[in-house]
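Q: Numbering (the working numbering), first residue to last: 78 to 139. The beta carbon of each residue, even a glycine, is placed where N, CA and C say it ideally should be. Just passing along the structure, written as structure tokens.
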């Protein structure tokens with residue numbers, strides 16, 4: 078098993094557990110969690126935005 082904060086690390090896992098305040102609040106595959114877990118979807122979307130901002134920053138420096 079793997080413990081990760083970045084969804085990109087676990088996106089292809091057979092099973093992902095979503096924890097909130099130490100409790101398992103959702104479990105499933107990436108696509109299922111995006112559809113059925115508001116917490117997972119929120120984390121995923123915020124990481125997409127963070128990655129896009131970081132990419133723009135790197136491109137702007139070049």
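Does the beta-carbon of residue 110 have 16 or more other beta-carbons within 10 angstroms, so that it is buried, or is it exposed?
A: It counts as buried.
Q: Check residue 95 in the structure and name its three-state DSSP category.
A: DSSP places residue 95 in strand when its eight states are reduced to three.
Q: Is DSSP giving residue 88 helix, strand or coil here?
A: Correct three-state label for residue 88: coil.
Q: Would you mind reading off the limits of the alpha helix (DSSP H) that contains residue 108?
A: First-last of the alpha helix (DSSP H) with residue 108: 107-113.
Q: By the three-class DSSP mapping on this structure, what secondary structure does residue 101 have?
A: Strand, per DSSP.
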